[in-house]
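A.B. asks: Dumping the structure here so I can ask a few things about it.
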Amino acid sequence: MARRKVQKGSDETEARREALRRRDMRVKEQERQARRIRPLVTPEGAALNLRVATASERAGAFLLDFSILVITVIAFSWMIAIVFSEMGFRGWQIAGSIAAVVIFILRVFYFTFFEIGRKAATPGKRALGLRVAARSGGRLTANAVLARNFMRELEVFLPLTLLVMGSEDAIGAWIRLIALVWAGTFVLFPLFNSEKLRVGDLIAGTMVIHAPRVKLKKDITSAEPLATASQHSFTTAELDAYGIHELHVLEDVLRQSTPEIKAKVADRIRNKIGRETPQTPDDLAFLEAYYAALRARLEQRMLFGERKTDKFDTR
């Protein structure tokens with residue numbers, strides 16, 4: 001009997017230890033995830049909690065993009081070599097020269113071309129659900145994209161070129177050593193800051209974040225019909241001034257804000273779409289009507305595969 005009590009007490013102690021261990025693991029994981037959240041306030045006053053990409057996620061995206069570049073260059077060089085061989089030239093030597101030019105053009109403009117687009121992400125980043133964003137919360141500008149990608153030349157590709165093309169003498173060995181330290185310093189830099197920023201991100205004012213697929217929330221106008229909606233009509237151009245993000249912000253304004261805030265938001269929307277403020281404005285009716293019309297417009301566009309995420313999306 002005493003043995004059973006001792007065994008039972010031992011089992012309970014072990015179970016408590018296991019429960020405490022799992023609790024500590026959950027707390028540590030929650031703290032780790034919380035450190036990746038970056039609060040950001042947009043110029044419109046909307047508070048966002050952005051999840052910063054980890055260093056491993058950024059490295060994975062870069063490896064995917066680098067693999068695409070390598071495969072593209074190999075395929076292009078192979079085709080050029082075959083064409084020149086058929087013409088009687090020394091195909092592989094000429095292909096090597098052309099490939100060097102193509103590599104330079106691709107590595108400079110590949111990242112810029114995709115990140116300057118509306119998705120602000122290369123194929124590698126899109127595969128991992130990442131995108132580039134401005135740390136200020138504003139629109140990602142072309143200057144910022146160019147700056148961060150030209151810095152990649154100094155961070156990665158230039159030292160890699162020195163490593164590959166260095167001579168075999170003592171000077172070449174020193175050059176390779178310097179290039180290795182150079183590349184290692186820049187590559188490991190994201191590990192030593194909370195937002196996992198490259199040096200190019202610091203200079204350009206950018207960061208890489210998770211870009212979850214945006215979905216429309218439940219329509220707050222579906223619960224009860226709006227009698228005032230028929231008093232206001234909007235053109236397609238007026239509705240295309242905003243996107244899904246602004247729709248959600250407007251929904252929060254309608255649900256929770258004071259009349260003063262509603263009046264300010266209504267004035268801001270009128271200024272944005274080029275409408276004059278009436279002498280006796282009914283701001284609530286205007287906002288409800290614009291919300292209903294904007295939501296209908298966004299849903300219509302989504303049926304045709306067009307997803308306007310925010311007012312900066314030029315689609």
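Counting in UniProt numbering, the sequence shown runs from 1 upward without gaps. No residue lacks a Cβ here, since even glycine has one placed at the ideal position from N, Cα and C. Quick caveat, the model's predicted, so the values are computed rather than measured.
Apart from the five residues just before and just after LEU177, which ones in its own chain have a Cβ nearer than 7 Å to its Cβ?
C.D. replies: Counting only Cβ-Cβ distances below 7 Å, and skipping sequence neighbours, we find nothing.
A.B. asks: Out of curiosity, what's the CA-to-CA distance linking PHE111 and ASP282?
C.D. replies: For PHE111 and ASP282, the distance between alpha carbons rounds to 48 Å.
A.B. asks: Comparing C-alpha positions only, which one of PHE189, HIS210 and SER194 sits nearest to GLY200?
C.D. replies: Nearest of PHE189, HIS210 and SER194 to GLY200, Cα basis: PHE189.
A.B. asks: Tell me where the beta strand (DSSP E) around ALA53 begins and ends.
C.D. replies: Segment: none, ALA53 is in no beta strand (DSSP E) and carries neither H nor E.
A.B. asks: In the DSSP assignment, the beta strand (DSSP E) including ARG131 goes from what residue to what residue?
C.D. replies: 130–134 is the span of the beta strand (DSSP E), which, as asked, contains ARG131.
A.B. asks: Over what stretch of residues does the beta strand (DSSP E) that includes ILE209 continue unbroken?
C.D. replies: Unbroken beta strand (DSSP E) run through ILE209: 206–210.
A.B. asks: Rounding to the nearest angstrom, what Cα-Cα distance links GLY60 and ARG152 in this structure?
C.D. replies: If I take the Cα positions, the gap works out to 16 Å.
A.B. asks: Taking LYS196 and ARG51 to be in contact with their CB atoms under 8 Å, please state how far apart those CB atoms are, rounded to whole angstroms.
C.D. replies: Contact flag wrong, Cβ pair sits at about 11 Å.
A.B. asks: For ARG301, collect the residues of the same chain with a Cβ closer than 7 Å to its Cβ; drop the 5 residues on either side in sequence, then sort them by chain order.
C.D. replies: These residues qualify, in order along the chain: LYS308.
A.B. asks: Assuming contact is defined by CB atoms lying nearer than 9 Å, are VAL73 and ARG131 in contact in what I supplied?
C.D. replies: Not a contact, by the Cβ cut-off of 9 Å.
A.B. asks: Using CA coordinates, which residue listed in HIS248, SER77, ARG148 and MET79 is at the minimum distance from ALA120?
C.D. replies: When each option's Cα is compared against that of ALA120, the closest is ARG148.
A.B. asks: With 16 as the cutoff for other CB atoms within 10 Å, does ALA100 come out buried or exposed?
C.D. replies: By the neighbour-count rule (16 or more Cβ atoms within 10 Å), ALA100 is not buried but exposed.
A.B. asks: Counting Cβ pairs closer than 8 Å, one from the segment 239–248 and one from the segment 284–298, do we hit at least three?
C.D. replies: In short, these stretches touch, since the Cβ pair count reaches three.
A.B. asks: Below 9 Å between beta carbons: does that hold for PHE234 and LEU294?
C.D. replies: Their beta carbons are under 9 Å apart, which means PHE234 touches LEU294 by this criterion.
A.B. asks: Which same chain residues end up closer than 7 Å to ALA144 when comparing Cβ atoms and leaving out the 5 residues on each side of it in sequence?
C.D. replies: These residues qualify, in order along the chain: ALA134, ALA204, GLY205 and THR206.
A.B. asks: Tell me the DSSP bridge mates of ILE37?
C.D. replies: According to DSSP, ILE37 bridges with ARG51.
A.B. asks: Under 9 Å, do VAL156 and PHE114 count as touching if we go by C-beta distance?
C.D. replies: Result no, Cβ atoms of VAL156 and PHE114 do not sit closer than 9 Å.
A.B. asks: For ILE273, which option in ALA237, VAL249, VAL265 and PRO259 has the closest C-alpha, if you only look at C-alpha atoms?
C.D. replies: For ILE273, the nearest C-alpha among the options comes from ALA237.
A.B. asks: For ARG198, does the three-state DSSP call read helix, strand or coil?
C.D. replies: Of the three classes helix, strand and coil, the one that applies to ARG198 here is coil, per DSSP.
A.B. asks: Classify PHE109: buried if its beta carbon has 16 or more other beta carbons within 10 angstroms, exposed otherwise.
C.D. replies: By the neighbour-count rule (16 or more Cβ atoms within 10 Å), PHE109 is not buried but exposed.
A.B. asks: Count the other CB atoms, across all protein chains shown, that sit within 10 Å of the CB of THR280; report buried if there are 16 or more and exposed otherwise.
C.D. replies: Exposed.
A.B. asks: What residues in its chain sit with their C-beta under 7 Å from that of LYS311, if we drop five residues either side in the sequence?
C.D. replies: The answer, listed in chain order, is ALA241, TYR242, GLY243 and GLU246.
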